[in-house]
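Asks: In this note's numbering, the protein residues as written are 360 to 539.
Heads up, the beta-carbon is just placed ideally off N, CA and C, and yes, glycines get one too.
Quick caveat, the model's predicted, so the values are computed rather than measured.
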């Protein structure tokens, strides 16, 4: 019982960087969506959302950054390990050289000590020999003096008095010669 009618119109809407061109109507546009209203009886709402590969690009950049950071960290760790190894080798060489120098110094000191002891022993032997000779001569002189004193006491010798007698005689001769 009633009547029914239908009418349809095609309309073209173009969206250029947020600028909307609508035939016989009004257009509103935003990021990734659009609404157009025209004076036609049927309105169509079309919404298309896209990231234009931004997420995939962000994932790729993140992967590259992680790989680059991993490579940089590995290079830093390798450099640190080489530095530590070089430091260890250097300090080991220094310690070896120091111990070698200490050993050489001890050897030199021992040799010098032995030479000093040998020189002291040689000097001591010379002093001992000289002391023994002096002691022998002193004992001999004491024995001679004792023998002379004993011979003089026994009347067998004038001993040390003969020099006094000769000196007295020389004095008397000098006095006589001086008077005469």
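Any idea what DSSP makes of residue 409, helix, strand or coil?
Replies: Coil, per DSSP.
Asks: If you draw a straight line from the C-alpha of residue 448 to the C-alpha of residue 434, how long is it?
Replies: When rounded, the distance between both Cα atoms is 21 Å.
Asks: Pull up the distance between the alpha-carbon of residue 501 and that of residue 507, whole angstroms please.
Replies: So the alpha carbons of these two residues sit roughly 10 Å apart.
Asks: Distance, Cα to Cα, residue 493 vs residue 485?
Replies: Using only the alpha carbons, I get a separation of about 12 Å.
Asks: Near residue 412, which residues of its chain fall below 7 Å by C-beta distance, leaving aside the five closest residues on each side in sequence?
Replies: Cβ within range, chain order: n/a, list empty.
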